[in-house]
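Okay, so here's the structure we're looking at.
Protein chains in written order, with the working numbering: chain A, 1 to 114; chain B, 1001 to 1112.
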């Protein structure tokens, strides 16, 4: 069994300040973890993925995430928010060898203010 | 958007009518998926395909059927639409069973 919890449904930051979107997971097997971003009226786009290599994963647009097994967390961060980062973000878990049986979190809406 | 086209982009239909949504890909990927997105639920898998004529159910498959007669096309059919099937439907593709998914832009379906 696997599940993922996004701890905040909405996050608001000022442009130029750091972004932190929190995700906790559970998985009976070795997990693979992803962050996807969805802009309005668009499909989801892969930001980054963790598949048991380096625990600090760098993605597109300056985002990164750190896999912490002891905390069962995979939080998404960015040092400095840009207006174009405003979107909905999804944390996703599957397990190695599980095919693409993905489990999605319920999403975090990121608002970036001037 | 990784060569994925969903049609139609918007549809309004009445309860009890059949509806077919189409997903067309130009990437020659083996795996194709149908998800629905609803507020508070994230995305949930309806059906997926791992090859031509090879399909399997996801977690919310009741009321839906799929067909894949060609690599590039994956059809989702609602045999008799209900209001609970009002949602945004996303098609996704992947090259293998463990590679990341690429999503289409979605179809917004309203059942009145």
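By construction, the Cβ of each residue, glycine as well, lies at the ideal position given by its N, Cα and C atoms.
Amino acids of chain B, ordered along the chain, whose beta-carbon sits closer than 9 Å to that of residue 108/A:
Result: empty, since nearest Cβ-Cβ is about 11 Å, beyond 9 Å.
Determine the chain B residues that contact residue 105/A at a beta-carbon separation under 7 Å, and present them in chain order.
1042
According to DSSP, simplified to helix, strand and coil, what is residue 62/A?
helix
Give a yes or no on whether 8 Å exceeds the smallest Cβ distance from residue 46/A to chain B.
yes
From what residue to what residue does the beta strand (DSSP E) around residue 1053/B run?
Premise fails: residue 1053/B is in no beta strand (DSSP E) and is neither H nor E.
What is the DSSP secondary structure of residue 1062/B, counted as helix, strand or coil?
coil
How big is the Cα-Cα spacing for residue 28/A and residue 109/A?
28 Å
What do you reckon, is the C-beta of residue 1022/B under 7 Å from a heavy atom of the ligand GTP?
Although the ligand GTP was asked about, the structure shown includes no ligands whatsoever.
Closer than 7 Å by beta-carbon distance: list the chain A residues that pair up with residue 1031/B, in chain order.
100
Which residues in the same chain have their Cβ closer than 7 Å to the Cβ of residue 1059/B, if we skip the five residues on either side of it in sequence?
1044 and 1045
Is the segment 1063 to 1073 of chain B in contact with the segment 1090 to 1109 of chain B, if contact means three or more CB pairs nearer than 8 Å?
no
For residue 8/A, which three-state DSSP category applies?
coil
Would you report the Cα separation of residue 74/A and residue 49/A, rounded to the nearest angstrom?
10 Å
Interface residues of chain B facing residue 90/A [CB-CB closer than 8 Å]
1042 and 1043
Output, in chain order, the set of chain B residues within a Cβ distance shorter than 7 Å of residue 43/A.
1001, 1090, 1103, 1104, 1105 and 1106
contact_flag[the segment 1018 to 1036 of chain B, the segment 1081 to 1093 of chain B] where n(CB pairs < 8 Å) is 3 or more
yes
Compare the C-alpha of residue 61/A against each of 71/A, 26/A, 67/A and 47/A and name the closest.
47/A
Beta-carbon contacts of residue 90/A that lie in its chain and below 6 Å, excluding the five residues immediately before and after
36, 104, 105 and 107
If we define contact as Cβ-Cβ less than 8 Å, is residue 49/A a contact residue for chain B?
yes
Is there a C-beta anywhere in chain A that falls below 8 Å from the one on residue 1097/B?
yes
Taking all protein chains shown into account, do 16 or more other C-beta atoms lie within 10 angstroms of the C-beta of residue 1087/B, making it buried, or fewer, making it exposed?
buried
Answer with yes or no whether the minimum CB distance from residue 34/A to chain B is below 8 Å.
yes
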